[in-house]
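J.:
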Amino acid sequence: MPGEEPLLLPTPHGPNLQWRGIRFYPSEDPTEYARRKARVFSPLQKTLVFVPSVGLGYGLENLLQALPADGAVLCIEAFQEVMGTAISSGLPRDPRLTIVRTDDPTAAAAALRNLGTGRFRRVMELPLSAGYRLAPVVYAGILHALEQELKRYWQNRLTLIALGSLQVRNLISNLPLLARAEDFGTLSTDMPVMLAGAGPSLDATLPTIARLRDRFVLVTVDTALPCFMAGGIHPDIVIALEAQAANLRDFVPGLAPESLLACDLSSFPVAARLAVGRLCFFSSDFAPLSLFDRLAEAGLRPTAIPALGSVGVAGMHAALRLTRAEVYLTGLDFAYSQSRTHARGSPTHVQMLADSTRLFPVGLASYRAMAGRQLIREPAKDGQSVLTDAVLLSYRDSLREQAQQSGGRVFDHGGLGLDLGVRMITAAELEERLGSVIAPKERLRRDSTHRFPAHRLPSFLASERTRLERFVELASGCTTSGATVPDELRGLLHELDYTWIHFPDEPDAGSLDRGFIARVRVAAGYYGQRMARAASIL
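Counting in the numbering used here, the sequence shown runs from 648 upward without gaps.
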């Protein structure tokens, strides 16, 4: 009942708790029930144990005793009334135990980040009371958020190992371009935004986009650019995220004079140089680098966005940032719709046509691409099912999470692929929603007062080079057995984290390994040369 307070029920073996018709523990022995569940629980090493609902805290001490030294317990309580009762009854204190009062999955994920996501390999759920039955959907959402946070961290970590060094090199190479570029965060519009990916569903929606082109700002991912240029449709903004040279094929048709190229600061530098004069930057948090803090202090870091992995998901973030009006999605399939990977006219599709022969027919390349992946069958937008893979599925989940936080202003105009968790609209409904919007003379507003302070670039690069050279000097004297590690070197190791962010191992602050220092010394020498080269072309 509204206003009902949790009730403590006395028993011979300790009080029980009852609220809203739910009795948290068995009546005969409430304490032993929770303790037995904790004792028989056997978590693996590096496990985060999620306890939904704190109840009266029974079993938490036993769980901590059974927990490996490198594990932790995160107990989340959705109701303030239950939390207040638990606190007044007394809760155990332990550095490995964190108790949070929230019903927000985002706050739960933040609590995991505060604990240090990289400490854990898995999340395991252990209800120690029936309190989770008060809000099973809430607790299921929190568990999902914790699992997604952990999954996202390790995906990003593996990406860093593979591409971290390349992303840092690209960032250094792109710094001289800031003098002739804009900050993406200074762009805005009052018009609706159409965000286009390069999925197969783009084929069917291109005619509608062409017919209604003047009624929205068109943002496309780089892979979709050739599809639009072939149809004479010029995007307002093209998003580029790729750190490798693979996306250069996307720019073969060229960039229309009125189009802007929005690049990640860590994207492949050649792509950015294709659009000097029509270039703006954003900066993804691909790693928690001290370098980003120094760039921000110097006014040289573009608008920061989360590390989203997919250019389509990054485009979604960009579109929601550009406008407060509605955002329409198309070509974001995240699946192999109709046994195809990309829309017609995209580089992948054109390459497939060019490679086809009598013995290697059209379509075989797509079949081989899908055969090389572990496919998953998931529900599609049309109620049927569609093939996808774990990576595409994670991208879809990230996009859906952003869409759910948009206040209902995101709509899907693509008819194929995975369900994006937003309402689908037909071409007729799209036209009706857009109405008779007349494009203003200036479709995109720019804050002309905000420019990157290019005059600070030489001193910034010189300062970084000095740090790197000093590290090399100090490290040269402490890589032999028995040599002490100076405090200055430890500090520089933290400041120059971009030199080792791609290493599979991380430094142990308590005892620095000589081999690790030696490897960082080599990397520091290399990055010093990159800084000098960047300074020479300012």
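By construction, the Cβ of each residue, glycine as well, lies at the ideal position given by its N, Cα and C atoms.
From Asp981 to Leu1040, what distance separates their C-alpha atoms?
T.: The amino acid occupying residue 981 in the given sequence is Phe; Asp does not appear at that position. Cα to Cα, Phe981 sits roughly 7 Å from Leu1040.
J.: Note down, in chain order, each residue of its chain lying with its Cβ closer than 8 Å to the Cβ of Phe863, except the 5 sequence neighbours on either side.
T.: Met838, Pro839, Val840, Met841, Tyr975, Leu1081, Val1084
J.: Buried or exposed: where does Leu926 fall if 16 or more other Cβ atoms within 10 Å of its Cβ makes it buried?
T.: Label assigned to Leu926: buried.
J.: What residue does the beta strand (DSSP E) around Met771 start on, and which one ends it?
T.: Residues 769-772.
J.: Please classify Pro1026: is it buried, with 16 or more other beta-carbons within 10 angstroms of its beta-carbon, or exposed?
T.: exposed
J.: With burial defined as no fewer than 16 other Cβ atoms inside 10 Å of the residue's Cβ, what is the status of Pro742: buried or exposed?
T.: exposed
J.: How is Arg1056 classed by DSSP in three states: helix, strand or coil?
T.: coil
J.: In the DSSP assignment, find the beta strand (DSSP E) that holds Glu1025 and state where it starts and stops.
T.: 1022-1026
J.: Please work out which residues of its chain come closer than 6 Å, Cβ to Cβ, to Leu822, disregarding the five sequence neighbours upstream and downstream, and give them in chain order.
T.: Ala1181
J.: Check each candidate in Ser986, Tyr786, Ser1032 and name the one with the smallest Cα separation from Gly1010.
T.: Ser986
J.: Please state the DSSP three-state secondary structure of Met838.
T.: Three-state DSSP puts Met838 in coil, outside helix and strand.
J.: Tell me whether Thr988 is buried or exposed, calling it buried when 16 or more other Cβ atoms sit within 10 Å of its Cβ.
T.: buried
J.: Let me check understanding here. Comparing Cα to Cα, which of Gln1021, Leu1091, Glu1079, Arg1043 lies closest to Gly1068?
T.: Arg1043
J.: Using CA coordinates, which residue listed in Trp666, Leu979, Thr658 is at the minimum distance from Glu652?
T.: Trp666
J.: If you run the structure through DSSP and keep just helix, strand and coil, what is Ile1072?
T.: coil
J.: Any idea what DSSP makes of Arg667, helix, strand or coil?
T.: The DSSP-derived three-state label of Arg667 is coil.
J.: Name the two residues that bound the continuous alpha helix (DSSP H) containing Arg941.
T.: 937-944
J.: What's the C-alpha gap between Gly832 and Thr950?
T.: 5 Å
J.: Report the rounded CA-to-CA distance for Arg670 versus Cys910, giving the unit in angstroms.
T.: 56 Å
J.: At which residues does the beta strand (DSSP E) containing Ser1032 begin and terminate?
T.: 1032-1036
J.: According to DSSP, is Thr745 helix, strand or coil?
T.: strand
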